[in-house]
Amino acid sequence: MRLYELSARDIASGVRGKKFSATEVFDECLSRAVACDGKLAALITTTVEAGRAAAGRIDGRVSRGEDPGPLAGVPVILKDNMCTHGIRTTAASRVLGDWAPPYSATVWELLSSAGAVLLGKANMDEFAMGNTTSTSAFGPTANPWDVSRVPGGSSGGSAAAVAAGYTPVALGSDTGGSIRQPASYCGIYGLKPTYGLVSRYGLIAYGSSLDQIGPFARTVGDAALAMQILARHDPRDSTSVPGKKIDFTCREGALKKKRVALVREFRGFTLDAPIADAMKRVTRLFEEAGAEVVEVSLPTVARYAVACYYAIAASEAHTNLARYDGVRYGRAAPGAAGLKEMYETVRSEGFGVEVKSRIIAGTCLTEPVRSEEYYVAATRVRTLIAEEFRRAFESADCILQPVTPSLPEKIGEMDEDATKGYESDLYTLPVNMAGLPGFTFWTGRAENFGEKTGLPVGLQLVGPRWSDGELLNVGFALEKILGAPKIASL
Amino acid sequence: MKLGGEEVRAIAAEARLSLTDEELAKAVRYIGSFLDMVDRFKELDLKGVEPFCFAEAAECPLREDSPAAFGGMPEILAGRTEGVGSFFKVPRIVEE
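Those protein sequence lines, which keep their order, are chains A and B. Its first residue numbered 30, the first sequence is counted upward by one per residue in my numbering. Its first residue numbered 996, the second sequence is counted upward by one per residue in my numbering.
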């Protein structure tokens, strides 16, 4: 087995036990990334020198008899909307130019102090707005299982990189499905944690009441390992909830007597055959393992969640993106005659069309004349959605549902009518509306499905707030039955 | 509700965005389908429903409002688009 094929747990254990060095691991992962990235374009920035220097420091600590931590020498990739001190951070937008943040996101501080080594910053949809990783100013990322197809998004670069074996773990952010959908499309695991569990300090904001950072991994154990490090209170993020102790130890026997729910209203919706088959197959596996399969009803979610999400996300985005003014950082407009001209030049030239559309939509919905009718109404609908989930979890421990209705489309296929693509987010968006944890797990690969044969098929588990550890435990049990995904060969 | 090109251009201007004709045509279509989508809320009776907030909001205290040193001043200044000494320079604010 090559070093880049190892799990994060095995890398850390090998580095701590001096079986191999952090530098050897970094160089092998880097070679893998360099060999694949011409086809995938999963990375915006590769941190060769900083990464190799950090790996050298880990090796130095091991040779002095120190313990570098539970991620000793584990190469990781961060979505490029997470600030890294002194390292270019773009949010895949021209508006930030070559901006190098003067501070690091808490999540990166936590990972690096646990011994992780940065290999690169991953491509994404511009400002995380999109579900294809095609709105990036740096061009689209490809799916490692079929390079003519999208990897999902917005964290498509992170997902593609893990699926292709650049690193065993990467971080993404999820505002409406941006971890879970690319994890499904790329055939790996991805957790969107409970809102408030992982600090967003240093995450470039999109929809602040929805954004959450979480891990991608090729094993459930690695996702749990990352969460053990990331799940802690951060006073620098006022939405980070103190006092939550969640056990991320993966245990056997998590399925017995578990009440697993199917959503009644989702039943009539069309799914690609391999996804419908996976739903049946996994439901059967739950029953065989002693779980109780029940039904819950989410009528408001099914009918209103998509509209509610986009109203809130666009309104928050227009506020958050007002900060890109050409003064403090990023793109400049030299020679602008006045302040207004400078703002307009920087923003009009710096933002891509999807971002501009959402900013305009958010501005429109929050104007005093329309705010009550749309934005405020959306915040009330959101209360109904959260309440509906709360009631559902009185009779269920988790919900089993698809991540998307279909398998990945070709790059460029969805560019025309953007809002049409929004409907495909129905299975992921409501989870963010209610601040719940959602976990995408790999179930296998599509069989007998024309040109989509062989593509990965993922499903999703959704639980009540703070059930992240339980979801991973269920995922761990399913991984034992279904097997863990392999690295895509490229 | 549908918005016309001039209305969308005016909203874009509020967001400090100027649009090419092609972008405007796309934005008009986008806002049209966006508003169709959110018009769905009108089917619901929302009287008495509170706007959403996380139950734990009360558990998220604000930090102590006390000054703290931030070591990155030179880097912040290095990131500015234009400046003199420790100042940020912007074009004239009062336009003629």
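Glycine included, C-beta positions come from ideal geometry on N, C-alpha and C.
Determine the extent of the alpha helix (DSSP H) in which residue 353 (chain A) is found, giving its start and end residues. Mapped onto the first sequence, residue 353 (chain A) falls at position 324. For residue 353 (chain A), no alpha helix (DSSP H) segment is defined, and its DSSP state is neither H nor E.
Chain-order list of residues whose beta-carbon lies under 8 Å from that of residue 277 (chain A) (same chain, five-residue window excluded): Here residue 277 (chain A) refers to the residue found at position 248 when the first sequence is read from its first residue. Apart from the 5 residues on each side of it in sequence, residue 277 (chain A) sits with its Cβ closer than 8 Å to the Cβ of 253, 254, 256, 257, 260, 497, 498, 501 in its chain, given in chain order.
In terms of residues, what are the limits of the alpha helix (DSSP H) holding residue 188 (chain A)? Residue numbering aside, residue 188 (chain A) sits at position 159 when the first sequence is read from its first letter. Where residue 188 (chain A) is concerned, the enclosing alpha helix (DSSP H) starts and stops at 185-193.
For the candidate residues A:225, A:370, A:69, whose alpha-carbon lies nearest to that of residue 174 (chain A)? Along the first sequence, read from residue 1 onward, the residue named residue 174 (chain A) stands at position 145. Residue 174 (chain A) has its Cα closest to that of A:69, out of A:225, A:370, A:69.
Would you mind telling me which residues of chain A sit closer than 9 Å to residue 1079 (chain B), beta carbon to beta carbon, in chain order? The count along the second sequence starts at 1 and reaches residue 1079 (chain B) at position 84. Result: empty, since nearest Cβ-Cβ is about 13 Å, beyond 9 Å.
Apart from the five residues on each side of it in sequence, which residues of its chain come closer than 6 Å, Cβ to Cβ, to residue 403 (chain A)? By one-based count along the first sequence, residue 403 (chain A) stands at place 374. For residue 403 (chain A), where only same-chain residues beyond five positions count, the Cβ hits under 6 Å are 340, 394.
What are the start and end residues of the beta strand (DSSP E) that includes residue 440 (chain A)? By one-based count along the first sequence, residue 440 (chain A) stands at place 411. Looking at the DSSP string, residue 440 (chain A) is not in any beta strand (DSSP E), and its letter there is neither H nor E.
Cα-Cα separation between residue 269 (chain A) and residue 344 (chain A), rounded to whole angstroms: Here residue 269 (chain A) corresponds to residue number 240 of the first sequence, with the count starting at 1. Here residue 344 (chain A) corresponds to residue number 315 of the first sequence, with the count starting at 1. Cα-Cα distance, rounded: 22 Å.
Short-range partners of chain A found in the segment 1055-1079 of chain B, where Cβ spacing is below 7 Å: For the segment 1055-1079 of chain B, which is checked against every Cβ of chain A, the residues closer than 7 Å are 1055, 1057, 1058, 1067, 1070, 1071, 1074, 1075, 1076, 1077.
List the residues of chain A that residue 1045 (chain B) touches, going by C-beta distances under 9 Å, in chain order. By one-based count along the second sequence, residue 1045 (chain B) stands at place 50. For residue 1045 (chain B), the residues of chain A that pass the 9 Å Cβ criterion are 408, 409, 412, in the order they occur in the chain.
Which same chain residues end up closer than 7 Å to residue 355 (chain A) when comparing Cβ atoms and leaving out the 5 residues on each side of it in sequence? Stepping through the first sequence from its first residue, residue 355 (chain A) is reached at position 326. Closer than 7 Å at Cβ, skipping near neighbours: 361, 362, 371, 372, 375.
Short of 6 Å in beta carbon distance, which residues of its chain neighbour residue 326 (chain A), apart from the five on each side in sequence? Order them along the chain. Numbered from its first residue, the first sequence carries residue 326 (chain A) at position 297. For residue 326 (chain A), where only same-chain residues beyond five positions count, the Cβ hits under 6 Å are 293.
Please list, in chain order, the chain A residues whose beta carbon lies closer than 7 Å to that of residue 1009 (chain B). Taking the second sequence and counting its residues from 1, the one referred to as residue 1009 (chain B) is at position 14. Neighbours of residue 1009 (chain B) on chain A, chain order: 392.
Exposed or buried, residue 133 (chain A), counting other C-beta atoms within 10 Å across all chains shown (16 or more means buried)? Within the first sequence, the letter at position 104 stands for residue 133 (chain A). Residue environment analysis places residue 133 (chain A) among the buried positions, since at least 16 neighbouring C-beta atoms fall within 10 angstroms of its C-beta.
According to DSSP, is residue 286 (chain A) helix, strand or coil? Looking up residue 286 (chain A) in the first sequence gives position 257. The answer is coil: DSSP assigns residue 286 (chain A) none of H, G, I, E or B.
Cross-chain neighbours of residue 547 (chain A) in chain B, by beta carbon under 7 Å: Residue 547 (chain A) is absent from the model: chain A starts at 30 and stops at 519.
Please name the residue, chosen from B:1021, B:1032, B:1006, B:1076, that lies closest to residue 353 (chain A) on a Cα-to-Cα basis. On the first sequence, residue 353 (chain A) is found 324 positions in, with the first residue counted as 1. Nearest option by C-alpha distance: B:1076.
Beta carbon of residue 486 (chain A), beta carbon of residue 212 (chain A): below 8 Å? Position 457 of the first sequence, counted from the start, is the residue given in the question as residue 486 (chain A). Position 183 of the first sequence, counted from the start, is the residue given in the question as residue 212 (chain A). No. Outside cutoff.
Proximity below 8 Å, CB of residue 106 (chain A) to CB of residue 151 (chain A): What you label residue 106 (chain A) is simply residue 77 of the first sequence in a count that begins at 1. What you label residue 151 (chain A) is simply residue 122 of the first sequence in a count that begins at 1. Their beta carbons are under 8 Å apart, which means residue 106 (chain A) touches residue 151 (chain A) by this criterion.
Measuring CA to CA, which of A:465, A:291, A:470 is closest to residue 425 (chain A)? Looking up residue 425 (chain A) in the first sequence gives position 396. Of A:465, A:291, A:470, the residue nearest in Cα terms is A:291.
Strictly below 8 Å CB to CB, what residues from chain A border residue 1022 (chain B)? One-based indexing of the second sequence puts residue 1022 (chain B) at position 27. Near residue 1022 (chain B) (Cβ distances below 8 Å), the residues of chain A are 385, 386, 389.
Heavy atom of the ligand MG less than 7 Å from the Cβ of residue 381 (chain A), yes or no? Because no ligand of any kind appears in the structure shown, any question about the ligand MG cannot be addressed here.
How is residue 456 (chain A) classed by DSSP in three states: helix, strand or coil? Your numbering for residue 456 (chain A) matches position 427 in the first sequence. Three-state result, residue 456 (chain A): coil.
Cβ of residue 1057 (chain B) within 8 Å of Cβ of residue 409 (chain A)? In the second sequence, counting from the first residue as 1, residue 1057 (chain B) sits at position 62. In the first sequence, counting from the first residue as 1, residue 409 (chain A) sits at position 380. No; because the gap between Cβ atoms is not below 8 Å, this pair is not in contact.
Could you tell me whether the segment 151-170 of chain A touches the segment 178-185 of chain A, where touching means 3 or more Cβ pairs closer than 8 Å? Contact holds: three or more Cβ-Cβ distances are below 8 Å.
Range covered by the beta strand (DSSP E) that runs through residue 69 (chain A): To locate residue 69 (chain A), count along the first sequence from 1; it is residue 40. Per DSSP, residue 69 (chain A) lies in no beta strand (DSSP E); the unbroken alpha helix (DSSP H) holding it starts and ends at 51-69.
Quick one: which unbroken alpha helix (DSSP H) runs of 4-plus residues sit fully inside the segment 208-265 of chain A? Chain order, please. Within the segment 208-265 of chain A, the complete alpha helix (DSSP H) runs of at least 4 residues are 209-215, 249-259.
Name, in chain order, the residues that DSSP records as bridge partners for residue 202 (chain A). By one-based count along the first sequence, residue 202 (chain A) stands at place 173. The partner list for residue 202 (chain A) (beta bridge, DSSP) reads A:242.
Please report the residue range of the beta strand (DSSP E) in which residue 150 (chain A) lies. Taking the first residue of the first sequence as position 1, residue 150 (chain A) is located at position 121. Annotation: the continuous beta strand (DSSP E) that includes residue 150 (chain A) extends over 146-151.
Residues near residue 422 (chain A) in its chain [Cβ-Cβ closer than 6 Å; skip 5 each side]: Taking the first residue of the first sequence as position 1, residue 422 (chain A) is located at position 393. For residue 422 (chain A), where only same-chain residues beyond five positions count, the Cβ hits under 6 Å are 493.
Rounding to the nearest angstrom, what Cα-Cα distance links residue 334 (chain A) and residue 220 (chain A) in this structure? In the first sequence, the residue the question calls residue 334 (chain A) occupies position 305. In the first sequence, the residue the question calls residue 220 (chain A) occupies position 191. Cα-Cα distance, rounded: 20 Å.
Residues in the same chain with beta-carbon distance under 8 Å from residue 440 (chain A), minus the five sequence neighbours each way, listed in chain order, please. Here residue 440 (chain A) refers to the residue found at position 411 when the first sequence is read from its first residue. For residue 440 (chain A), the CB contacts under 8 Å within the same chain, skipping 5 residues up- and downstream, are 161, 163, 169, 171, 177, 178, 179 in chain order.
State the CB to CB distance for the pair residue 34 (chain A) and residue 516 (chain A), rounded to an integer number of angstroms; the pair is presumed to be in contact (CB under 8 Å). As a working mapping, residue 34 (chain A) is identified with position 5 in the first sequence. As a working mapping, residue 516 (chain A) is identified with position 487 in the first sequence. Between the beta-carbon of residue 34 (chain A) and that of residue 516 (chain A) there is about 6 Å, and that keeps the pair under the 8 Å contact cut.
Can you find a CB in chain B that lies within less than 8 Å of the CB of residue 361 (chain A)? To locate residue 361 (chain A), count along the first sequence from 1; it is residue 332. Judged by the 8 Å Cβ criterion, residue 361 (chain A) is in contact with chain B.
Look at the alpha carbon of residue 310 (chain A) and the alpha carbon of residue 88 (chain A), and state the distance between them as a whole number of angstroms. Translated into positions along the first sequence, residue 310 (chain A) becomes position 281. Translated into positions along the first sequence, residue 88 (chain A) becomes position 59. One C-alpha to the other measures close to 45 Å.
What are the residues of the segment 233-264 of chain A that lie near chain B, defined by any Cβ-Cβ distance shorter than 7 Å? Going along the segment 233-264 of chain A in chain order, one finds 264 with a Cβ nearer than 7 Å to chain B.
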